[in-house]
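**Student:** Numbering (my numbering), first residue to last: 6 to 124. Ideal placement from N, C-alpha and C gives every residue a C-beta, glycine not left out. Note that the structure is a prediction, hence the values are computed from the model and not measured. I have a structure here, written as structure tokens, and I will follow up with some questions on it.
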Amino acid sequence: MGPIIAWMLVAILAAVIVLVVAGSSQNASGFRGLLGDLRRESSARSAGRHAGPELGQPHVVQSHVVQAAAEAEPVDMDIEEFFSLGQTSEPAYVSVEEIQDVLARARDAAARRIPTLNR
């Protein structure tokens, strides 16, 4: 039981270090900045607000993207025609038989190495 707890503590410590490093690389003020960001985010979520790219800032869409979408011609086709556009007569990238063969070899290799799997 002791080694499991030790490894869990190591994993938690590593996660905290990753959070601190990630927070400091985003112009935050270290661990205190990280904690402040977490508090502001949790208070915003509890108040029913969802933060944008910056906390409290709305997401801005570029005007040329909106203009291009507004000027696009609508596409009028039924669902069968839509899915027929992606069909190909070439063989699939990975065949079912190939996947079955690889899985069977992996199962056999595992069964040879672990005697309890040979039931």
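When the Cα atoms are used, what is the spatial distance from residue 9 to residue 17?
**Tutor:** Walking along the sequence shown from the start, residue 9 turns up at place 4. Walking along the sequence shown from the start, residue 17 turns up at place 12. About 12 Å.
**Student:** Starting from residue 104, trace the alpha helix (DSSP H) in both directions and tell me its first and last residue.
**Tutor:** By one-based count along the sequence shown, residue 104 stands at place 99. It spans 101-118 - the alpha helix (DSSP H) in which residue 104 sits, taken as one unbroken run.
**Student:** Please report the residue range of the alpha helix (DSSP H) in which residue 78 lies.
**Tutor:** In the sequence shown, counting from the first residue as 1, residue 78 sits at position 73. Residue 78 -> no alpha helix (DSSP H), and no H or E assigned at all.
**Student:** With a threshold of 6 Å (Cβ to nearest heavy atom), would residue 42 be considered close to the ligand ZN?
**Tutor:** You won't find the ligand ZN in this model; it holds no ligand whatsoever.
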